[in-house]
Amino acid sequence: MDGVDTDLLAFMGLAALLTILPGVDMALVMRSVLTEGRPAAWMTSLGICSGLCVHAFASALGLSTVLSTSAEAFTILKALGAAYLVYLGARTLYGTLAKHAGARGNGVGAAASETGDVSVVGHVPPEGGVPPVGGIPPIGGIHGTEDARGGWRAFQRGAISNVLNPKVAVFYLTVLPQFIRADDPVLLRSFLLAGIHIGLSLVWLTAYLWLLGRAGAVLARPPVRRGLERLTGTLLIALGVRLAWERR
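Numbering-wise (this note's numbering), the sequence shown opens with residue 427 and increments by one.
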């Protein structure tokens, strides 16, 4: 149809499908919700989108071509990204196991499971922070004066995980050009497509975070929270291992 940019619509459909597929981004947001609360998860989402911005600029400047053509550069970045995901997963598992062991050692595990109240004994503060009120951070937010620093750490996790993922760079380098026509201004069109992808990612992660918030009463139950933390930690490790073994 005249006046309708079918290539742009096709890209939006493809980007939307790729965005909602479960993967590292959703696992990181879930981790932040469970360990630090929704404000931290929102900052993680912003960090993820900021990482996409880095790849978009790198692609526009031609830096992503290096990753596409150099096996060594691709392998190094992939190894760093995989190691970081494994680190986050291991830290999540260690934190939840330490909390559970601490509760058992003090004889409060059973009572906590029944009443929904977990003491701060055995809690491992997330990445250097102070123990939240009640031992487990609420789904609704982070407590104390550590909010700003905790939010910044959450932002960094999202950004670093995306910047160190070479598959994102390859996506921008190989997929975006398929939707740029010969008569298009290449740079402007590239930024438009990247902006659409980043916008869709932010909308989806915000919706995902909202859904997790709606399930806050269930997620706040200690047994459910422990199980999801362990599942999330295991998933992050598995995604890291998968990234390490995948070929271009």
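Glycine residues also receive a C-beta, built at the ideal position from the N, C-alpha and C atoms.
Note the first and the last residue of the continuous alpha helix (DSSP H) segment covering P448. For the purposes of this step, residue 448 is taken as the residue at position 22 of the sequence shown. Taken as a continuous stretch (DSSP letters only), P448 belongs to no alpha helix (DSSP H), as it is neither H nor E.
Specify the secondary structure class of R591 as computed by DSSP and reduced to three states. Taking the sequence shown and counting its residues from 1, one reaches residue 591 at position 165. Looking at the sequence shown, residue 591 is not Arg but Asn. Three-state DSSP puts N591 in coil, outside helix and strand.
By how many angstroms is the C-alpha of A664 removed from the C-alpha of R583? As a working mapping, residue 583 is identified with position 157 in the sequence shown. As a working mapping, residue 664 is identified with position 238 in the sequence shown. Looking at the two C-alpha atoms, the distance is approximately 17 angstroms.
Spatial neighbours of M456 within its chain, please: C-beta separation below 6 angstroms, excluding the five flanking residues on both sides. Here the question's residue 456 lines up with position 30 in the sequence shown. Here the set comprises T658.
Can you give me the C-alpha to C-alpha distance between W630 and Q604, rounded to a whole angstrom? In the sequence shown, residue 630 corresponds to position 204, counting from 1. In the sequence shown, residue 604 corresponds to position 178, counting from 1. Going by the C-alpha atoms only, they are around 24 angstroms apart.
Tell whether a beta-carbon distance below 7 angstroms holds between I622 and M452. If you number the sequence shown from 1, residue 622 lands on position 196. If you number the sequence shown from 1, residue 452 lands on position 26. No; because the gap between Cβ atoms is not below 7 angstroms, this pair is not in contact.
Rounding to the nearest angstrom, what Cα-Cα distance links K504 and V644 in this structure? As a working note, residue 504 is residue 78 in the sequence shown. As a working note, residue 644 is residue 218 in the sequence shown. K504 and V644: Cα-Cα distance of roughly 36 angstroms.
DSSP-derived helix/strand/coil call for A608: If you number the sequence shown from 1, residue 608 lands on position 182. Here A608 sits in coil by DSSP.
C-alpha distance - W578 paired with M469, whole-angstrom precision: Counting from one through the sequence shown, the residue named residue 578 turns up at place 152. Counting from one through the sequence shown, the residue named residue 469 turns up at place 43. Going from the Cα of W578 to the Cα of M469 covers about 7 angstroms.
Please classify S496: does DSSP put it in a helix, a strand, or coil? Locating residue 496 in the sequence shown gives position 70, counting from the first residue. Three-state result, S496: coil.
Segment limits, alpha helix (DSSP H) that includes P649: On the sequence shown, position 223 is the one that residue 649 refers to. Start and end: 648–671.
Comparing alpha-carbon positions, which option in R464, D431, N591 lies nearest A499? Residue mapping note: residue 499 aligns to position 73 of the sequence shown, counting from 1. Checked all of R464, D431, N591; the closest Cα to A499 is N591.
For V480, report the span of its alpha helix (DSSP H) as first-last. On the sequence shown, position 54 is the one that residue 480 refers to. First-last of the alpha helix (DSSP H) with V480: 464–486.
Could you give the first and the last residue of the continuous alpha helix (DSSP H) run that contains A643? On the sequence shown, residue 643 is found 217 positions in, with the first residue counted as 1. Looking at the DSSP string, the run of the alpha helix (DSSP H) that includes A643 is 642–645.
In whole angstroms, what is the alpha-carbon distance linking G642 and V650? What you label residue 642 is simply residue 216 of the sequence shown in a count that begins at 1. What you label residue 650 is simply residue 224 of the sequence shown in a count that begins at 1. Approximately 11 angstroms between the Cα atoms of the pair.
Once DSSP output is grouped into helix, strand and coil, what is the label at V430? Taking the first residue of the sequence shown as 1, we reach residue 430 at position 4. Residue state, collapsed to three classes: coil.
Report buried or exposed for G463, applying the criterion of at least 16 other Cβ atoms within 10 angstroms of its Cβ. By 1-based counting over the sequence shown, the position of residue 463 is 37. With 16 or more Cβ atoms within 10 Å of its Cβ, G463 is classed as buried.
For a quick check, are the C-beta atoms of L676 and S587 less than 7 angstroms apart? In the structure as shown, the chain starts at 427 and stops at 674, and residue 676 therefore has no counterpart that could be examined.
For L435 and T495, I'd like the C-alpha separation in whole angstroms. On the sequence shown, residue 435 is found 9 positions in, with the first residue counted as 1. On the sequence shown, residue 495 is found 69 positions in, with the first residue counted as 1. Straight-line Cα distance between these residues: approximately 30 angstroms.
Check whether the Cβ atoms of G576 and A466 sit closer than 7 angstroms, and answer yes or no. By 1-based counting over the sequence shown, the position of residue 576 is 150. By 1-based counting over the sequence shown, the position of residue 466 is 40. Contact: yes.
If you run the structure through DSSP and keep just helix, strand and coil, what is V459? Residue mapping note: residue 459 aligns to position 33 of the sequence shown, counting from 1. Residue state, collapsed to three classes: helix.
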